[in-house]
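S.K.:
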Ligand code: ATP
Ligand code: MG
């Protein structure tokens, strides 16, 4: 098996070996190459201790931020290469990453501490693949399998539970039965893992091609990190719109939005407010107000998982409006554009489309047609550079001052009134017409 290593990686390995230290490309980059993908970044592992590695690359740009765990980052041609000393992990406490690591001289010990067989393969330009755990065969068979005893490995670091799901989702691999059983048994250990680390894996899990299948199969892991989701499972909806329980509807809706973190998280949480809003009247279920309650619950969940403000804001806004009416009329669309902006309005349409796709097929086509028509109108408004924001208005505050309207709040109110008249098509966005109208309003 021959792998063409990136030029800089060859240089790094050669430099270390000229100094009598073994060195290999290892981990994700080898996995991705075997999968026929171009690796995002290349990791190198070596016998050299961090200070010895640093000495080998004297005069180059080096960052020592990971030195405690044996990692030196080397900057070559604008790219960063992580060079990590062969190590085993020290004692694990609290099912988290070890605080201390022990440097070792054998590659095999370093490979044995890695999480999954597919990530425990090294490559050397002369010696070829070093694959003591059968990782290449598991890649061939599309399997995620722990290196060593699965239960022990999840005991050591429970984040690996989320990583197994993430790789399964991103790569479309099956989790091998013993690894799957162990991760289900050990899922509660995720409570010991920091929200930030869980969040990073969750992001990659939801954005994977196989997210829906993985989340459905391992629902109990998902409810361990987001307990609010338990109430969706098996919750039948008895409405003309739905033929699935809330959780299956949720999962199905996720498959109908692009592989984007914000859109997938929105779909995951869009109906989270339904259970507390449930009422039953005249043989039908109702979920009045679930959009608002759901947005609040989503805010709480995302904050708990330490999401950034922008993600929290966008997801909650999309949930708030996921059932709002967006009539396919220019006037209404301009108002929506004014309210939430072009990007978010397009996101909202994508969300609504996915929601509809996951509902009863009987009602599908007229609702989809309405969304397509709305989307076309957005295109036209944007293409024609129609006015939908104050900044698009053909006059501004200075123009009003010039015609004698000097009171600050009146200026604001007048501009707003004019903008809404333009949005509604009651007046052209033309300087003279607008100034004329301002005089009337004054
Ligand atoms: P990608 O960069 O595409 O996410 P990756 O496999 O490179 O995939 P990283 O998180 O960058 O994933 O980790 C690099 C390597 O370090 C992995 O391939 C694996 O060998 C090892 N590794 C990472 N996290 C763990 C962990 N929690 N437990 C054991 N080994 C790990
Ligand atoms: Mg990586």
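Residue numbers (our numbering): 1350 to 1791.
For each residue, glycine too, the CB sits at the ideal point set by N, CA and C.
Note that the coordinates shown come from a computational prediction; the quantities given were computed from them, not determined experimentally.
1. Within 8 Å, do at least three Cβ pairs link the stretch 1577–1594 to the stretch 1541–1551?
2. Determine the closest residue to residue 1562 out of 1390, 1497 and 1602, with distance taken between C-alpha atoms.
3. Within 10 angstroms of its Cβ, does residue 1787 collect 16 or more other Cβ (buried), or is it exposed?
4. May I ask you to report which of helix, strand or coil DSSP gives residue 1430?
5. Find out if the Cβ-Cβ distance for the pair residue 1617, residue 1570 is shorter than 8 Å.
6. Give the straight-line distance between the Cα atoms of residue 1367 and residue 1419, rounded to the nearest whole angstrom.
7. Just verifying my parser: in three-state terms, what is the DSSP assignment at residue 1495?
8. Determine the direct distance from the alpha carbon of residue 1558 to that of residue 1465, and round the result to whole angstroms.
9. Would you mind working out which of 1585, 1540 and 1514 sits nearest residue 1560, comparing C-alpha positions?
10. State whether the stretch 1419–1429 contacts the stretch 1389–1409, with contact taken as three or more CB pairs (one from each stretch) at a distance under 8 Å.
11. By the DSSP assignment, the beta strand (DSSP E) with residue 1638 in it spans what residues?
12. Relative to the alpha-carbon of residue 1493, which residue among 1521, 1713, 1472 and 1477 has its alpha-carbon at the smallest distance?
13. Enumerated in chain order, which unbroken segments of the beta strand (DSSP E) with a length of 3 residues or greater are wholly contained in the stretch 1578–1640?
14. When the Cβ atoms of the stretch 1597–1613 are set against those of the stretch 1695–1711, are three or more pairs found closer than 8 Å?
15. Counting along the chain, where does the beta strand (DSSP E) carrying residue 1471 start and finish?
16. Smallest Cα separation from residue 1480: which of 1783, 1373, 1673 and 1688?
17. Quick check: does the Cβ of residue 1392 come within less than 7 Å of any heavy atom belonging to the ligand MG?
18. Pull up the CB-CB distance for residue 1683 and residue 1730, whole angstroms please, since I reckon it's below 8 Å.
19. Does DSSP put residue 1414 in a helix, in a strand, or in coil?
20. Should residue 1751 be labelled buried (16 or more other beta-carbon atoms within 10 Å of its own) or exposed?
21. According to the Cβ coordinates, are residue 1469 and residue 1452 closer than 8 Å?
M.R.: Short version:
1. Too few Cβ pairs lie closer than 8 Å, so no.
2. 1602
3. buried
4. strand
5. It is not a contact, given that the beta carbons lie outside the stated cut-off.
6. 20 Å
7. strand
8. Approximately 20 Å between the Cα atoms of the pair.
9. 1514
10. Using a Cβ-Cβ distance cut-off of 8 Å, the stretch 1419–1429 and the stretch 1389–1409 are in contact, since at least three pairs of beta carbons, one from each stretch, lie closer than that value.
11. Counting along the chain, residue 1638 falls outside any beta strand (DSSP E), and DSSP gives it neither H nor E.
12. 1521
13. 1628–1630 and 1633–1635
14. yes
15. 1471–1473
16. When each option's Cα is compared against that of residue 1480, the closest is 1373.
17. yes
18. Confirmed, Cβ separation roughly 6 Å.
19. Coil at residue 1414, not helix or strand.
20. Exposed, because fewer than 16 other Cβ atoms sit within 10 Å of the Cβ of residue 1751.
21. no
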